[in-house]
Structures are given as C-alpha cells and as structure tokens.
Amino acid sequence: MPKIIELAPGRWIGESQPCFIIAEVGQNHQGDLEIAKRLIKAAKVRGWTYLMTNCVKFQKSCLHEKFNNAALQRPYIGPNSWGGTYGEHKKYLEFSELQFKELQDYASQINILFSASAMDIVSVDVLDSLGVPFIKIGSGDVNNFPMLQYAATKSKPLIVSTGMQDMSTVETVYHTLKACNANFCLLHCVSAYPTPPQEVNLNVISKYKQEFSDIPIGYSGHELGITISVAAVAMGVLERHITLDKTWKGSDHVCSLTPSEFQELVHQVRTVETALGNPIKCFQPSEKACYDKLGKTLVAARDMLAGKCLQEKDIKVKVAEPKGCPAEKYQQVIGRTLVRNVRQDESIMCSDFV
Ligand SMILES: CC(=O)N[C@H](C=O)[C@@H](O)[C@H](O)[C@H](O)COP(=O)(O)O
Ligand SMILES: C=C(OP(=O)(O)O)C(=O)O
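As structure tokens, this is what we get:
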C-alpha cells in the first residue's frame, strides 16, 4: 500500500502532502442544529492560497448499538450532563440522520468536507449511506475488531484513533486492517480531556511512523492550547475539537479551541508546514542580499604575475569588491595557474585560472 491515501476526491494525505486538518465538533453543538452550523462555519478557515481547514467532523451513534441497557441507565449527574442517565444525556446530544443530512448539505454549501466518527457498527452504515468521504473510528472503537473489519468493507478510507491502547493492540489493528486491504491512517491520541502535557508523548508519533511506515500517521489532540498540536504538524492528519464557548456545559469544551484559536492553530500549522519545506540544502533566493553584502571571496595575498601557481600563502579570504571566486573554492584553486597579473588585495575571479 502506498504511503499516501486519497481521503476525499483529490485530497491526498501522507508523505509530503499538506496536513489534513479536522475540526472536531463532536458533541460541542449542545444538541442544537443552529450551533452545529455556526461551528461548521467557524471551522472553515481560509488562507492565502487554499482552504486551510480541510474538514469538519461530528460523532454518530446509534445508542442501543453503542451501549447496553445498563450503561444507558446509569446515572450521569454532573455539570456536563444533559440528562439524568447517561442514555438520556447521549440522546439529547444525538442528531438524527435527517439532521446529519442537513449539516452535510450546509457543509457542502460552504465548501468544507464533512464527516463523522461511527461509534458502533450500525453507524458505519449510516455514514456510508450519507456518502461521507472517509469514516473516522474514534479511540472508543479502536479495539472493536468486528467494527474495524466491517468498516473496511465499505471501500472508504478510514481514520483510526488509538487512544486508551497499548502498542500491541495498535499493531493488531494495523495488521487487521492490512489484511482487509483497507486504506487507512492511524492517529496517536490520548483520551484525556484535557490531556496533561507529560502524558501526550508526541514521540509515539515517530514510533508509529517507524513501525507503520507504509501508511499516513496523524494526531488527535485533547490537550489545552495549540502549541502541542502545532508541534505535531509534520503529520498526515491533525484533529482538534472546536467550540463556540469553552465554559459551556459538556465534557469536551474545556479542551476545545475557540474559533479564533482554531484559526490561529491552522495558520500556525500552515506556516510551520511551509517552513519545513524540502530537505534540499541550497542557496535560497532570499539570501542574495546578505551574500552580496557579506559573502566572502578569494583575494590575492600579494602581487602575482600570470603563470604563478597558487599556494595557500598566496590567497586570503575577504569580503571583497568585486565579488570573485567564492571562498568555498579555496582548496580547489590551490595548485592552479593564474592567467593574468593580480595585485595584492584584488579579488581573484573564477576565470583567472588555466
Ligand atoms: C472516546 C470518545 O468517544 N471521545 C470523544 C472524542 O474525542 C469525546 O468527544 C467523547 O464523546 C466525549 O468526551 C464524551 O463526553 P460525555 O461522556 O460527557 O458525553
Ligand atoms: C473519539 C473520537 O476521536 P479521538 O479518539 O480521536 O478523540 C471521535 O472521533 O469520535
């Protein structure tokens, strides 16, 4: 399988492709379709050359598939709860398929990709029939092997987050999806809201890149602020929650980014990405002014006549006018014969030799 995959028509991720940035709305819409639309709009960050956020993402659950009855009925009391039980809370936050369609249409109107994580096997079908470009498998399902295998039958790329797992499970996930011939990407993730910096371990990303060298690797962050996510920029995919207000009720707002922080993140990622550039070390056009002013040249250490074979003591290195043979040629001109007379302190030109 190639190191790059086509996540959406014409949008490749991996290797030297720009980082694919996902604004995770998740359940930060508070169960309100209008807030969801405002978040989609806020997620769309425009840049100087191209659309800078690539995608907005939601979460899709079919509650009786995702939870057993006892889990739905367990009390969920606290500042982030939207119901007396966990089931009521989750129901409050769950959009219907029709509402999903409306959000998808809205995203399409304003020209931002739309997708969701499938949080159970039935939701894989829901997303498939909605026609999302890729399916996200969140950390809650990374060890859900029947679902991974089922999602892989949908012939859509998969983005799989790996929070709450150890390396051996992640390896099994990789081999399982490979055996299904899936096009997929793995995201390092720590499922703590917020994640303390000392537990982020961005070096896991390098480990993934080594171990899973033929697939794109990314990062789904839940830490506070944007610095750590910017540091993860050399990734195929970057996902962060977005919110309209960090103080709102809900488990994820605290570690989400406001629209302006999200915008700043995207701009910083794009700037760092631009700055990473390519690995070819060469003279840059922007260096010319400094080179013209301070670049060093070979100059004659003494008066010399044509026919003189140059020795080290005959050459000095100086900032000189006119610019002559560049200083890095020093070793190459030792032993060469001058074709003209040069005066002490005069620039030696590259054309001064036989
Ligand atoms: C692992 C996973 O699914 N994590 C998701 C993605 O990051 C979260 O958005 C959870 O849905 C959220 O934190 C749950 O909060 P509550 O339990 O208050 O509904
Ligand atoms: C749980 C999710 O993501 P992550 O594990 O990347 O936080 C999700 O996308 O629904």
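For the sequence shown, counting from 1, position 266 maps to 265 in numbering that gives the first Met the number 0; every step adds exactly one.
No residue lacks a Cβ here, since even glycine has one placed at the ideal position from N, Cα and C.
Quick caveat: nothing in here was measured; it's all calculated off a predicted structure.
What first and last residue would you give for the beta strand (DSSP E) that runs through residue i?
{"i": "Gln-58", "result": "54-59"}
{"i": "Glu-5", "result": "4-7"}
{"i": "Leu-243", "result": "Note, Leu-243: premise wrong, no beta strand (DSSP E); not H, not E."}
{"i": "Ile-158", "result": "157-160"}
{"i": "His-187", "result": "183-188"}
{"i": "Val-316", "result": "314-318"}
Please go through the same chain and pick out, in chain order, the residues whose beta-carbon is closer than 8 Å to the beta-carbon of residue i, but skip the five residues on each side of it.
{"i": "Leu-201", "result": "His-187, Tyr-218, Ile-227, Ala-230, Ala-231"}
{"i": "Ser-212", "result": "Lys-2"}
{"i": "Ala-300", "result": "Lys-312, Asp-313, Ile-314, Lys-315, Gln-343"}
{"i": "Tyr-173", "result": "Leu-185, Glu-210, Phe-211, Ile-214"}
{"i": "Tyr-329", "result": "Leu-297, Ile-314, Val-316"}
{"i": "Ala-106", "result": "Ile-39, Val-55, Leu-112, Phe-113"}
In whole angstroms, what separates the C-alpha of residue i from that of residue j?
{"i": "Tyr-85", "j": "Gln-164", "result": "24 Å"}
{"i": "Cys-61", "j": "Gly-13", "result": "31 Å"}
{"i": "Ala-288", "j": "Thr-296", "result": "15 Å"}
{"i": "His-88", "j": "Ala-70", "result": "12 Å"}
{"i": "Gly-224", "j": "Asp-104", "result": "31 Å"}
{"i": "Asn-27", "j": "Cys-179", "result": "33 Å"}
{"i": "Ile-4", "j": "Val-189", "result": "24 Å"}
{"i": "Gln-98", "j": "Gln-283", "result": "52 Å"}
{"i": "Val-123", "j": "Ser-138", "result": "15 Å"}
{"i": "Phe-183", "j": "Val-121", "result": "20 Å"}
{"i": "Cys-324", "j": "Cys-308", "result": "16 Å"}
{"i": "Phe-133", "j": "Lys-322", "result": "57 Å"}
{"i": "Leu-38", "j": "Ala-319", "result": "60 Å"}
Just curious, the alpha helix (DSSP H) that residue i is in, first and last residue?
{"i": "Ala-300", "result": "Here Ala-300 belongs to no alpha helix (DSSP H), and DSSP marks it neither H nor E."}
{"i": "Arg-239", "result": "Where Arg-239 is concerned, there is no enclosing alpha helix (DSSP H), although the beta strand (DSSP E) it sits in stretches over 236-240."}
{"i": "Phe-94", "result": "Unbroken run through Phe-94: none, as it is neither H nor E."}
{"i": "Phe-113", "result": "Not the alpha helix (DSSP H): Phe-113 falls in the beta strand (DSSP E), residues 112-117."}
{"i": "Ala-150", "result": "144-151"}
{"i": "Val-203", "result": "202-210"}
Any idea what DSSP makes of residue i, helix, strand or coil?
{"i": "His-221", "result": "coil"}
{"i": "Arg-335", "result": "coil"}
{"i": "Ser-346", "result": "strand"}
{"i": "Arg-45", "result": "strand"}
{"i": "Arg-10", "result": "strand"}
{"i": "Leu-309", "result": "coil"}
{"i": "Met-0", "result": "The predicted position of Met-0 is uncertain, since its pLDDT is 47 and thus under 50; a value taken from the coordinates is nonetheless stated next. Correct three-state label for Met-0: coil."}
{"i": "Phe-84", "result": "Phe is not the amino acid found at residue 84; the sequence shown has Thr there. In this structure, Thr-84 counts as strand in the three-state DSSP scheme."}
{"i": "Lys-295", "result": "strand"}
Identify, in the order they occur along the chain, each residue of the same chain with its Cβ nearer than 7 Å to the Cβ of residue i, setting aside the five sequence neighbours on each side.
{"i": "Ala-305", "result": "Leu-337, Val-338, Arg-339, Asn-340"}
{"i": "Glu-260", "result": "Ile-225"}
{"i": "Val-131", "result": "Phe-113, Ser-114, Ala-115"}
{"i": "Met-118", "result": "Gln-58, Lys-59, Ser-60, Lys-65, Gly-137, Gly-139, Asp-140"}
{"i": "Gly-249", "result": "Gln-26, Asn-27, Gln-29, Asn-79"}
{"i": "Phe-144", "result": "Thr-175"}
Taking 6 Å as the limit between beta carbons, can you name the residues of its chain near residue i, skipping five residues before and five after?
{"i": "Val-44", "result": "Met-51, Thr-52, Gln-262, Val-265"}
{"i": "Ala-35", "result": "His-28, Leu-102"}
{"i": "Trp-11", "result": "Ile-3, Glu-5"}
{"i": "Thr-168", "result": "Asn-142"}
{"i": "Met-0", "result": "Here Met-0 scores only 47 on pLDDT, less than 50, and its place in the model should not be relied on; the value that follows carries that caveat. Excluding sequence neighbours, Met-0 sits near Asp-213."}
{"i": "Gly-82", "result": "His-88, Tyr-91"}
Taking CB distances under 8 Å as the criterion, tell me whether residue i reaches chain C.
{"i": "Lys-245", "result": "The chain labelled as chain C is not found in the depicted structure, where only one protein chain is given."}
Contact shell at 5 Å, judged by CB to any heavy atom of ligand 2, ordered along the chain: These are the residues, in chain order, with a beta carbon less than 5 Å from any non-hydrogen atom of ligand 2: Gln-58, Ser-116, Lys-135, Gly-137, Ser-138, Ser-160, Gly-162, Cys-188, Ser-219.
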